[in-house]
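A short worksheet on the structure shown next.
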Amino acid sequence: MTRWAVDDPVDGGDRRLHLTLVRHGESQWNRQRRAQGQRGPGLTEYGRRQAARTAARLATLPAPDLVLASDLPRVVETARPYPAEPVPEPRLRELDNGAWAGLLLTDVEREWAGDIARIRAGEDIPRGGGERFADLRRRSAELLADLARQVPAGAERRILAFTHGGPIRALVAEVLGLGPDGHRLLAGPGNCSLTEVLLYVAGGAITAGRLVRYGTDDHLAQLPSRHAPAEEAAR
Numbered sequence: 008m009t010r011w012a013v014d015d016p017v018d019g020g021d022r023r024l025h026l027t028l029v030r031h032g033e034s035q036w037n038r039q040r041r042a043q044g045q046r047g048p049g050l051t052e053y054g055r056r057q058a059a060r061t062a063a064r065l066a067t068l069p070a071p072d073l074v075l076a077s078d079l080p081r082v083v084e085t086a087r088p089y090p091a092e093p094v095p096e097p098r099l100r101e102l103d104n105g106a107w108a109g110l111l112l113t114d115v116e117r118e119w120a121g122d123i124a125r126i127r128a129g130e131d132i133p134r135g136g137g138e139r140f141a142d143l144r145r146r147s148a149e150l151l152a153d154l155a156r157q158v159p160a161g162a163e164r165r166i167l168a169f170t171h172g173g174p175i176r177a178l179v180a181e182v183l184g185l186g187p188d189g190h191r192l193l194a195g196p197g198n199c200s201l202t203e204v205l206l207y208v209a210g211g212a213i214t215a216g217r218l219v220r221y222g223t224d225d226h227l228a229q230l231p232s233r234h235a236p237a238e239e240a241a242r
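Sequential numbering from 8 applies to the sequence shown in the numbering used here.
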């Protein structure tokens with residue numbers, strides 16, 4: 008079926024960049040409800056099953072020209088079942104949560120109640136003495152600009168990136184041209200969900216962007232519950 012809308016973005020160039028973003032699978036600290044940021048161990052057994060199912064889903068998509076991944080353990084482990092070796096990209100790391108990392112979320116909310124209230128009211132302050140969200144937006148914008156410059160003239164390039172919830176929200180906010188707090192409009196994507204954006208590129212610069220999908224995880228629908236007995240999960 009042909010689709011057309013009068014307000015479709017004007018391409019303005021001869022290059023396109025398809026960027027597919029994958030959030031990591033369930034980590035041990037996800038399960039324990041601990042703040043993570045740029046620290047923390049790898050996946051739970053359930054997270055590894057999510058990663059395997061996600062690799063199978065990605066295999067049905069057009070092959071990427073480049074695979075990138077955050078270098079943090081939970082993302083490295085998520086990318087492992089995918090056949091192509093990812094290039095480590097530090098700009099895909101999660102927001103640095105500073106002193107919050109490793110603490111139970113309930114403890115963070117109690118011990119930093121004032122900071123939490125300011126953040127929820129819309130003030131962008133360092134998380135636990137670490138990064139502001141603006142810092143994450145800045146490195147996300149730099150990454151997008153670098154990727155756009157690498158698209159050859161007349162080409163359509165596909166990139167697959169394994170990352171975290173924060174960078175996915177930041178990257179989508181940049182693509183859609185949302186304001187400094189525009190990421191607050193976006194719900195956090197689930198573990199091993201897929202997000203895809205399309206970028207129009209001219210003269211090595213991004214001229215427009217479109218959100219193709221956000222946080223879809225239908226490929227995990229038939230995954231046995233993490234509470235299922237081992238023999239049931241093996242079926």
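Ideal Cβ positions, reconstructed from N, Cα and C, are used throughout, including at glycine.
In this chain, the beta strand (DSSP E) harbouring residue 22 covers 22-30. Counting along the chain, residue 163 sits inside the beta strand (DSSP E) bounded by residues 163-170. Within the model, the alpha-carbon separation for residue 31 versus residue 22 is close to 29 Å. CA-to-CA, the gap between residue 78 and residue 189 works out to about 26 Å. Here residue 195 has 172 as same chain residues with Cβ atoms under 6 Å from its own Cβ, once five neighbours each way along the sequence are excluded. The stretch 41-119 is shown to contain whole beta strand (DSSP E) runs of 3 or more residues at 73-76, in chain order.
Here residue 207 is bridged, per DSSP, to 23 and 215. Of 151, 144, 222 and 231, the smallest CA-CA separation from residue 208 is found for 151.
Straight across, the Cα-Cα distance linking residue 88 with residue 62 is about 6 Å.
In the structure shown, residue 195 adopts coil according to DSSP, grouped into three states. In the same chain as residue 213, and ignoring 5 residues on each side of it, the C-beta atoms closer than 6 Å to its own belong to 155 and 206, in chain order. Nearest Cα to residue 142 within the set 187, 129, 165 and 117: 187. Judged by DSSP in its simplified three-state form, residue 121 adopts helix. Looking from the CA of residue 68, the closest CA among 202, 115 and 230 belongs to 202. Note that the stretch 97-104 touches the stretch 32-44; at least 3 beta-carbon pairs, one per stretch, sit closer than 8 Å.
Pairing residue 84 with residue 28 gives a Cβ-Cβ distance that is not under 8 Å.
As a beta-bridge residue in DSSP terms, residue 220 pairs with 203. If you draw a straight line from the Cα of residue 125 to the Cα of residue 162, it comes to about 45 Å.
Here DSSP, grouped into helix, strand and coil, assigns residue 232 to coil.
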